[in-house]
């Protein structure tokens, strides 16, 4: 901003509570001005509200101040919108948060919500700078920023946040690296939209240049759908004058979309020093700013560039007449007197309202002054508000007041008038009581609506409250509630609407916290806030008296501001008396906080002397005769001095070297003697049961050296004993297990059940493994003992199973644990002996050295012998002529032989007859063997294809037999030529030939030839007839002649009948056709063409006869193709060609040209084409 620093330029909404902050759990209710109680400065007060409205002050910030300025604009903090239900939304940036309040159509507050700060706070920002708000066609947009004191290009200095119409967060886009020290500073921010793009025009302080942060305007362009940044990035950073309408020291910025263009407007203090408008519309298909946009100067100021004072304000900017002109408005002081020749600016001159009409075609600007205040007079005008009612009608509003009126008594009067697009007032100048604000008025039908929350700048008052305990001071700035204003655009009538009236309830915490201010609508009942807290006190209620409790009645309607005091009751805490092993008649005592108590109870404990109350069970501090209660419960502990007694030791059947010892009450027994007793183990010392009075009986208990002595007299300890036990173990010496026994000293062992051992007989228990003596179970046990089992081995039978063979002997006797000895060898026909095994199949092989474990049967194992099997194909052939098979095993895979005309039916044991052998048949021959193939003869089907003739039945013929010749088939128009092996070509079949496979025979035919006769019917014709094969086309027909007549064609009857052509097909009989004539002098009515016949499948042309001598020396032969048979046909007649095309043939152009007269024409046949084909 030139030589101007940023200090003091950026204003923020003052904090309501400086030290602890205002409670903002919802929106804040605002109230009209009212008196503050005289004694309200004695407590620290936290402000809260009850109705939900927001306390704010949105008065018109550009208004005149006698201290100078009047140039600098500020970002617009408030807006009003009309809802579809007839109500209004109030959107306002206040106390560093964005609040939306809803009012009904009568301007009565309904509800409010605060937009989440996390959605619009720039990345890493610790403080949010407000930019502005815009309600677009489809979305809402909020612009915020943050300062960049370190001038870092990575700081997000501007953030544009997108919301839905219901305030749902939809995303954001941020700008960094745009040469910005503080965004929005020393100017304003305004937005517009066009073609789905959001345009933002604002300002910023730039990075330090030689100790100064210069100020200038800047513009952003964003696609609304995806928040894409548009335009040249350098246009922002480098502030190119030609690219974006750069204005240094731009005090105020506007932007409008009109007539398909975007216009930016600035109040410049330097470069240029004027109010200027520039067309910044981008060129077609170009994201960049327009570099050659039209510049429209509105008003030029005197003075020096960068003076920070122009003597004028720029306060309104709208389009008119559908973009043909632009309307600007503001205030201005006399330029000659504001900037005298002496060079010292005069900044206190009175202001007048001006309006300029700026044609967008660059023609002359018209400026008019609406007020006439003298420069050195006391009357001055505030910044006007320009309202666009339609493209051709506007409303302009301003305020006038006396500059010398320090009490602002002359403030609060609004002047307004209606105006046309030429700047002419179209009505009288009306006046109304009210306040203009930065809330841009809206037009709803025929009503202009805006609101204000302050009478004028500095008209509110501030009361300071003190926290008498913390010594902190706070300010409570009291502003008015929103007042809504309306002006009827038809009648000019104005009105105002207070949104609410409320009083303040001051809830003073009276030593606690927090104190609060609750605002309540007049006549309503106050609601008590959340109870305050105070350490060691209980809140008892709200009192109208500071020092005594006089309860406030919350059912009483509020009629004035009221102070209430918190009333506190000290909390009681408990002293607990812990007798610490003894007893006391008082176990606890309740004492209020800070009170002093005395007369503590005594305590008793048998065997102990009471030593007083202490702060800990052991150690601690002794409590005196009195105690002052602190902030929590406390426990006192009794301390004791113990008495001494004699303990006598009773060995209880044993002996001990120590008869007694002296012990102290409450102390451990200390070292205790250990007695002895034969056959027993000492188990410890036990106290004897005792009774300290007639009510308290104590059972005896085991004691140790660490056990505390608690018997209040002499006592005796009794020794406890455990009798010793010994283990008698039993070693079964390989037999079944026998459990050991535990026997007490002097008792007897019990004889166990005899153990078992395979192959042995039990002989008794002995005192040694070998030798020793047999044990007497009647003896007493005096120590540990092991007894051993004694055994005798058994004799068993070993049996031999020859397993299909024979053996001798069949068994033998063997001793348990001894070897089997020599084993016999068995025999079996067809097998080889493999040895003796423990199982018939599988098992383990045994030998003469195998040890006997009991009766057993062993089994001979055998290996079957193998034999050769030879395969006899029996008239056929086989690749595998033999294989080896195993006795009593399946033959396995057998080969498959082959024999022409026969089917293999299996292998048999004889050439004819015998048994059939398969892969699963078991071989039992015990010798080499030959198998013979058996066969079945194959039969074949012989089919007859009559090729269009009568049906001939098929025949079934065995391989090698002959086919019986069938009766010849018949076919109309054809002569049967015999049976052939192919449909075309092939050879004539020989019925004397044997059949070796399936066969199809084809009938071969020759078409009959018929006579086509020509009857000239009164004329003459040559030739008179021709021969035509059955199914063939008539071909070229002769042209008859008759004098005086014109030939009309050939017909099947002398009169009537059907017309024939070259393409007519010959049937199965002779045909006569008749010439049809028309008199040459009488026009003949054309006959209706006969209905075309259904195309028939062309027959194969008959074999041509030897060509005769041509009638002409040269002729063109046309080639046609039969798509049904694949054959070709040639004709020299174009009429015949066209006729054949109509019945299904396809013309293929000229086939060949006949040579000179008399030259031969050769006919060729292609047998490889289906049905055969001829060529010439």
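Residue numbers (my numbering): 11 to 1186.
Backbone N, C-alpha and C define an ideal beta-carbon position, used for all residues, glycine too.
8 Å contact criterion, which residue 270 and residue 194 should meet: CB distance rounded: Residue mapping note: residue 270 aligns to position 260 of the chain shown, counting from 1. Residue mapping note: residue 194 aligns to position 184 of the chain shown, counting from 1. Actually they are not in contact, since the Cβ atoms of residue 270 and residue 194 sit about 29 Å apart, beyond 8 Å.
Segment contact flag, the segment 685–701 with the segment 618–629, C-beta cutoff 8 Å, min 3 pairs: No, the segment 685–701 is not in contact with the segment 618–629.
Proximity below 9 Å, CB of residue 547 to CB of residue 597: For this step, residue 547 is matched to residue 537 along the chain shown. For this step, residue 597 is matched to residue 587 along the chain shown. Result no, Cβ atoms of residue 547 and residue 597 do not sit closer than 9 Å.
Cα-Cα separation, residue 274 to residue 287: Looking up residue 274 in the chain shown gives position 264. Looking up residue 287 in the chain shown gives position 277. In this model, residue 274 and residue 287 are separated by some 6 Å (Cα to Cα).
Beta-bridge partners of residue 954, as assigned by DSSP: Within the chain shown, residue 954 is the residue found at index 944, counting from 1. Under the DSSP definition of a beta bridge, residue 954 partners with 1011.
Test item: CB-CB of residue 793 and residue 731 under 9 Å: Here residue 793 refers to the residue found at position 783 of the chain shown. Here residue 731 refers to the residue found at position 721 of the chain shown. Not closer than 9 Å, so no.
Whole runs of the beta strand (DSSP E) within the segment 691–763, excluding any shorter than 3 residues: Those beta strand (DSSP E) runs which fall completely within the segment 691–763 and span 3+ residues are 725–733, 735–741, 751–754.
Residues of its chain near residue 1010, where Cβ-Cβ distance is below 8 Å and the 5 sequence neighbours each way are ignored: On the chain shown, residue 1010 is found 1000 positions in, with the first residue counted as 1. Same-chain partners within the cutoff: 952, 953, 954, 955.
Nearest-angstrom Cα separation, counted from residue 927 out to residue 838: For this step, residue 838 is matched to residue 828 along the chain shown. For this step, residue 927 is matched to residue 917 along the chain shown. Linking residue 838 to residue 927 through their CA atoms gives a straight-line distance of about 26 Å.
Outcome for residue 733 when other beta-carbon atoms lying within 10 angstroms are tallied against a minimum of 16: For the purposes of this step, residue 733 is identified with residue 723 of the chain shown, where counting begins at 1. With fewer than 16 other Cβ atoms within 10 Å, it is exposed.
Unbroken beta strand (DSSP E) run spanning residue 1149, endpoints: The residue given as residue 1149 occupies position 1139 in the chain shown. Looking at the DSSP string, residue 1149 is not in any beta strand (DSSP E); the run it does join, the alpha helix (DSSP H), is 1144–1152.
Residue 569 - DSSP class collapsed to helix/strand/coil: Within the chain shown, the letter at position 559 stands for residue 569. In the structure shown, residue 569 adopts coil according to DSSP, grouped into three states.
Rounded straight-line distance, which links the Cα of residue 427 to that of residue 406: Residue mapping note: residue 406 aligns to position 396 of the chain shown, counting from 1. Residue mapping note: residue 427 aligns to position 417 of the chain shown, counting from 1. Roughly 6 Å between the two C-alpha positions.
Where residue 1025 sits in the DSSP three-state scheme: Counting from 1 along the chain shown, the entry for residue 1025 is found at position 1015. Three-state DSSP puts residue 1025 in a strand.
N-terminal and C-terminal residue of the beta strand (DSSP E) that residue 776 is part of: Taking the chain shown and counting its residues from 1, one reaches residue 776 at position 766. For residue 776, the enclosing beta strand (DSSP E) stretches over residues 770–776.
Every unbroken beta strand (DSSP E) within the segment 511–595, with a cutoff of 3 residues, ordered by chain: As far as the segment 511–595 is concerned, its whole beta strand (DSSP E) runs of at least 3 residues are 512–518, 526–531, 547–553, 572–580, 582–588.
Expected contact under 8 Å - CB spacing of residue 496 and residue 458 to nearest Å: On the chain shown, residue 496 is found 486 positions in, with the first residue counted as 1. On the chain shown, residue 458 is found 448 positions in, with the first residue counted as 1. Between residue 496 and residue 458 a beta carbon distance of about 7 Å is seen, short of the 8 Å cut, so the two are scored as contacting.
CB of residue 435 within 9 Å of CB of residue 380, strictly: Residue mapping note: residue 435 aligns to position 425 of the chain shown, counting from 1. Residue mapping note: residue 380 aligns to position 370 of the chain shown, counting from 1. A contact, by the Cβ cut-off of 9 Å.
Beta-carbon contacts of residue 440 that lie in its chain and below 6 Å, excluding the five residues immediately before and after: Indexing the chain shown from 1 puts residue 440 at position 430. Its chain contains 426, 502 as the residues whose beta carbon lies nearer than 6 Å to that of residue 440, once the 5 sequence neighbours on both sides are disregarded; these appear in chain order.
Exposure of residue 212, with buried meaning 16 or more beta-carbon neighbours within 10 Å: As a working mapping, residue 212 is identified with position 202 in the chain shown. Classification of residue 212: buried, given that the 10 Å Cβ count is 16 or more.
Burial state of residue 214 (16 or more Cβ within 10 Å): Here residue 214 refers to the residue found at position 204 of the chain shown. Per the 10 Å Cβ criterion, buried.
Outcome for residue 1095 when other beta-carbon atoms lying within 10 angstroms are tallied against a minimum of 16: Numbered from 1 along the chain shown, position 1085 holds the residue referred to as residue 1095. Bear in mind that a pLDDT of 46 at residue 1095, under 50, signals an unreliable position, so the model cannot answer this.
Contact check, residue 807 vs residue 821, beta carbons under 9 Å: For the purposes of this step, residue 807 is taken as residue 797 along the chain shown, with counting starting at 1. For the purposes of this step, residue 821 is taken as residue 811 along the chain shown, with counting starting at 1. Cβ distance < 9 Å, so residue 807 and residue 821 count as in contact.
Validate contact between the segment 1036–1056 and the segment 1076–1086 using beta carbons, cut 8 Å, 3 pairs: Taking one beta carbon from each stretch, the segment 1036–1056 and the segment 1076–1086 have 3 or more pairs nearer than 8 Å; the two touch.
Distance between residue 529 and residue 337 (C-alpha atoms, nearest Å): Numbered from its first residue, the chain shown carries residue 337 at position 327. Numbered from its first residue, the chain shown carries residue 529 at position 519. Going by the C-alpha atoms only, they are around 44 Å apart.
Other residues of its chain near residue 521: CB distance less than 6 Å, five sequence neighbours each side excluded: Counting from 1 along the chain shown, the entry for residue 521 is found at position 511. Closer than 6 Å at the Cβ level, and outside the excluded window around residue 521, lie 544.
Selected residue, minimal CA-CA separation from residue 1019, among 983, 918, 233: Within the chain shown, numbered from 1, the residue matching residue 1019 stands at position 1009. With distances taken between Cα atoms, residue 1019 lies closest to 983.
Buried or exposed (CB count within 10 angstroms, at least 16 for buried), residue 449: Taking the first residue of the chain shown as position 1, residue 449 is located at position 439. Buried, because 16 or more other Cβ atoms sit within 10 Å of the Cβ of residue 449.
Residue 824 versus residue 798 - alpha carbon distance: Position 814 of the chain shown holds residue 824. Position 788 of the chain shown holds residue 798. Distance between residue 824 and residue 798, taken at the CA atoms: about 27 Å.
Straight-line Cα distance separating residue 717 from residue 586: Against the chain shown, residue 586 aligns to sequence position 576. Against the chain shown, residue 717 aligns to sequence position 707. Straight across, the Cα-Cα distance linking residue 586 with residue 717 is about 29 Å.
Residues near residue 34 by beta carbon distance below 8 Å, same chain, minus five either side: Walking along the chain shown from the start, residue 34 turns up at place 24. Residue placement at residue 34 is flagged as unreliable, the pLDDT there being 26, under the threshold of 50; a coordinate-derived value is accordingly withheld.
Residue 844, DSSP secondary structure in three states: Translated into the one-based positions of the chain shown, residue 844 becomes position 834. In this structure, residue 844 counts as strand in the three-state DSSP scheme.
For residue 897, three-class secondary structure by DSSP: Start at 1 with the first residue of the chain shown, and residue 897 comes out as number 887. Per DSSP, reduced to three states, the secondary structure at residue 897 is coil, with no helix or strand assignment.
Of the listed residues 219, 260, 155, nearest to residue 182 (C-alpha basis): Counted from its first residue, the chain shown places residue 182 at position 172. Selected option, being the one with the closest Cα: 155.
Supposed contact pair residue 677 and residue 608 - C-beta distance, whole angstroms, cut 8 Å: Translated into positions along the chain shown, residue 608 becomes position 598. Translated into positions along the chain shown, residue 677 becomes position 667. With a Cβ gap of about 34 Å, residue 608 and residue 677 do not count as contacting.
Cβ pair residue 137, residue 218 closer than 9 Å: Residue numbering aside, residue 137 sits at position 127 when the chain shown is read from its first letter. Residue numbering aside, residue 218 sits at position 208 when the chain shown is read from its first letter. Between residue 137 and residue 218, the C-beta gap is not smaller than 9 Å, which leaves the two residues out of contact.
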